[in-house]
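Residue numbers (our numbering), protein chains in the order written: chain Z, 26 to 199; chain S, 339 to 767. Backbone N, C-alpha and C define an ideal beta-carbon position, used for all residues, glycine too. All remarks here apply to the structure that follows.
This is how it looks when you write it as structure tokens:
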């Protein structure tokens, strides 16, 4: 992604269900952590403690509908990003989580497969290629193409900049 | 146009807008709580010296008050220093405010037609005052502090028309839980919701806030209740600016109109069962559910009418030996009024403990955390896994009346099993 092409390649680390809420992603008890890097240690701590220790840089999380529902806590998106997740792919996202992810430069991709949710087309360990601009996901391991929504141009611009803060920094430095 | 379309059209300087259009809207008010510390850090990273307009920023400490740890105390201190340096006058520190969604309207910061963003998901609550009000994250808020504007996708609107008479002991909380149960946790994702109809227009402002607050739990971007005389009566003594009657146009286009009958569809209290807000059941379907804790409070149900109905139920009775009743007035003003009216005296005499006005245990930090194996009935808004403590604890969401009755019974209970005479719909604000 450093070349600006917005293409990602990585492995699926976990396939989760519908309505993965922000308390599952990042427990409320750690909300007084305001250093974003430090949030990573508590990713999925109560609900799926096995995910974080196995997460490698660039890995993908795949989920069903309404990923990130609940709180506006940005730590949910920050913990995913700083724990090394390359992207979250879900059937749909709760709106605040989606905006938080894009604003932090974490790709959030809405995707499905002809049979239903993306969760049916992937298993943990599968290797995926994602083209964020074109809205294409290929499951390299299973040689399948998933239907993904292309990211809105505004979101592409923010992801390419590395998030809203670097984007604004550049804008006001100019 | 719908209410959401009208407000976004005006805030973006357009004649009309339509669903899915992306507009940049000016922001009238930007609210944060303790996470103002995250916003502050992001804002300083941008490299600007001053926020766009300190008079349009409101900061209210509510999630961890008074500070429960040194770490929190340090972030509180950093926010206080930032507030002073930037000249942000609307700052409600410990002991001055309460829960942000109560403090803002109470102190006249919210009025119909405004665009309000807050770094809290339940910012939708302010739709009860005719504001386009929605939650955003901390980094996005840093952008608002810098620019005073934000992009929005214009939402399509669901209209929920409520007619009929509520039965005794059935409240706005039962109505909205019923609706969330029907539409699901993502049933209003990205959408605006307009609640209207004769049953809504008879509701107190406090009860309307319950609907707008919990609309978030079905994913709503914003949620409105009518701007009418009942609302203006609430706002006039609080808001210095001229108030505007705004309403959706008669020909507004809705994605869907959902009819609800408050009498027929709500024969009994509605309960959201663990661990999802859309997992809603009528009380009688649940059988015997013992509770170790009952929580009455939060931005959803910590207002005067909520404390009042609970006081009426527990008056002259004692909280069950196995149960702890935790009461949290939503603001300092409500706290004082509840003291004056004797509600707190009644509740404490029954064995309740009163927490300071704030979020308390709702967000799982302090002041009433659950152990493994414990069950809580709560008037709050979320029952996610581990939300209030152990991942082996369970939270049932219910109306204030059911919370109070359950505290007395030591198990989930219908208020009519405690108080024989039913309480008709509350009409005082």
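Item checked: Per DSSP, the bridge partner or partners of residue 55 (chain Z) -> Answer is none; residue 55 (chain Z) lacks a bridge partner.
Next item on the list: Quick one: measure Cβ to Cβ for residue 538 (chain S) and residue 578 (chain S), integer angstroms, because I've assumed they're closer than 8 angstroms.
Entry: That belief does not hold up - the Cβ atoms of residue 538 (chain S) and residue 578 (chain S) are roughly 27 angstroms apart, past 8 angstroms.
Margin query: For residue 32 (chain Z), report the span of its beta strand (DSSP E) as first-last.
Written below: 32-40
Check: Under a CB-based cut-off of 8 angstroms, is residue 73 (chain Z) close to chain S?
Finding: Residue contact check for residue 73 (chain Z) against chain S: no CB pair falls below 8 angstroms.
Checklist line | residue 27 (chain Z) at chain S interface by Cβ criterion, 8 angstroms | finding: Unreliable placement is indicated for residue 27 (chain Z), whose pLDDT of 44 sits below 50; no coordinate value is reported for it.
Next item on the list: State whether the segment 94-106 of chain Z contacts the segment 50-69 of chain Z, with contact taken as three or more CB pairs (one from each stretch) at a distance under 8 angstroms.
Entry: yes
Margin query: Closest to residue 724 (chain S) by C-alpha separation, out of Z:40, Z:47 and Z:37, would be which residue?
Written below: Z:47
Margin query: If you follow the alpha helix (DSSP H) that residue 713 (chain S) is in, where does it begin and where does it stop?
Written below: Looking at the DSSP string, residue 713 (chain S) is not in any alpha helix (DSSP H); the run it does join, the beta strand (DSSP E), is 713-716.
Checklist line | Residue closest to residue 345 (chain S), alpha-carbon to alpha-carbon, out of S:469, S:379, S:754 and S:397 | finding: Scanning S:469, S:379, S:754 and S:397 for the CA closest to the CA of residue 345 (chain S) turns up S:469.
Notebook entry, point to check: DSSP three-state call for residue 697 (chain S): helix, strand or coil?
Noted result: coil
Notebook entry, point to check: Shorter than 8 angstroms from the beta carbon of residue 51 (chain Z) to some beta carbon of chain S?
Noted result: no
Check: Listed in chain order, which residues of the segment 28-43 of chain Z have Cβ atoms closer than 7 angstroms to some Cβ of chain S?
Finding: none
Margin query: Please list, in chain order, the chain Z residues whose beta carbon lies closer than 7 angstroms to that of residue 368 (chain S).
Written below: Per Cβ cutoff of 7 angstroms: no residues; residue 368 (chain S) is ~13 angstroms from chain Z at best.
Checklist line | Closest residue to residue 56 (chain Z) among S:367, S:343 and S:414 (Cα-Cα distance) | finding: S:414
Notebook entry, point to check: Roughly how many whole angstroms lie between the Cα atoms of residue 133 (chain Z) and residue 112 (chain Z)?
Noted result: 6 angstroms
Check: Would a check of beta-carbon distances place residue 514 (chain S) closer than 8 angstroms to chain Z?
Finding: No, residue 514 (chain S) does not count as interfacial toward chain Z.
Notebook entry, point to check: Thinking just about the alpha-carbon of each residue, which of S:456, S:647 and S:705 is nearest to the one in residue 488 (chain S)?
Noted result: S:456
Checklist line | Among S:687, S:561, S:740 and S:350, nearest to residue 716 (chain S) - alpha-carbon criterion | finding: S:740
Next item on the list: From the DSSP output, in three-state form, read off residue 505 (chain S) for me.
Entry: coil
Checklist line | Proximity below 8 angstroms, CB of residue 377 (chain S) to CB of residue 476 (chain S) | finding: yes
Check: Exposed or buried, which one is residue 351 (chain S) when buried takes at least 16 other CB atoms within 10 Å?
Finding: exposed
Check: Is the shortest distance between the beta-carbon of residue 763 (chain S) and the beta-carbons of chain Z less than 8 angstroms?
Finding: Low per-residue confidence applies at residue 763 (chain S): pLDDT is 47, beneath 50, and the placement is therefore not dependable, though the value from the model is reported in the following sentence. By this cut-off, residue 763 (chain S) is not an interface position.
Checklist line | Terminal residues of the beta strand (DSSP E) in which residue 339 (chain S) lies | finding: No beta strand (DSSP E) holds residue 339 (chain S); DSSP gives it neither H nor E.
Item checked: Distance CB(residue 437 (chain S))-CB(residue 714 (chain S)) smaller than 8 angstroms -> At a Cβ-Cβ threshold of 8 angstroms, residue 437 (chain S) and residue 714 (chain S) do not count as neighbours.
Notebook entry, point to check: When burial is assigned at 16 or more other CB atoms within 10 Å of the CB, is residue 758 (chain S) buried or exposed?
Noted result: exposed
Checklist line | Collapsed DSSP secondary structure at residue 390 (chain S) in the structure displayed | finding: Residue state, collapsed to three classes: coil.
Next item on the list: Check whether the Cβ of residue 94 (chain Z) lies closer than 8 angstroms to any Cβ atom in chain S.
Entry: yes
Check: Does any C-beta atom of chain Z lie closer than 8 angstroms to the C-beta of residue 340 (chain S)?
Finding: no
Notebook entry, point to check: So residue 559 (chain S) packs on residue 120 (chain Z), CB below 8 angstroms; how close in whole Å?
Noted result: 6 angstroms
Check: Since residue 194 (chain Z) meets chain S, which of its residues come closer than 9 angstroms, beta carbon to beta carbon?
Finding: Here the neighbours are 383, 384 and 385.
Note to self: Under 8 angstroms, with one C-beta from each stretch per pair, do the segment 693-711 of chain S and the segment 576-594 of chain S reach the 3-pair mark?
What the structure shows: no
Check: Within the 8 angstroms Cβ cut-off, does residue 80 (chain Z) reach chain B?
Finding: No chain B is present in this structure, whose protein chains are Z and S.
Margin query: Am I right that residue 480 (chain S) and residue 384 (chain S) are in contact with their C-beta atoms under 8 angstroms? What's the rounded C-beta distance?
Written below: 6 angstroms
Margin query: Mapping the DSSP letters down to three states, classify residue 344 (chain S) as helix, strand or coil.
Written below: helix
Margin query: Could you check whether the Cβ of residue 365 (chain S) sits closer than 8 angstroms to any Cβ belonging to chain Z?
Written below: no
Margin query: Is residue 182 (chain Z) close to chain S? Criterion is C-beta to C-beta, closer than 8 angstroms.
Written below: no
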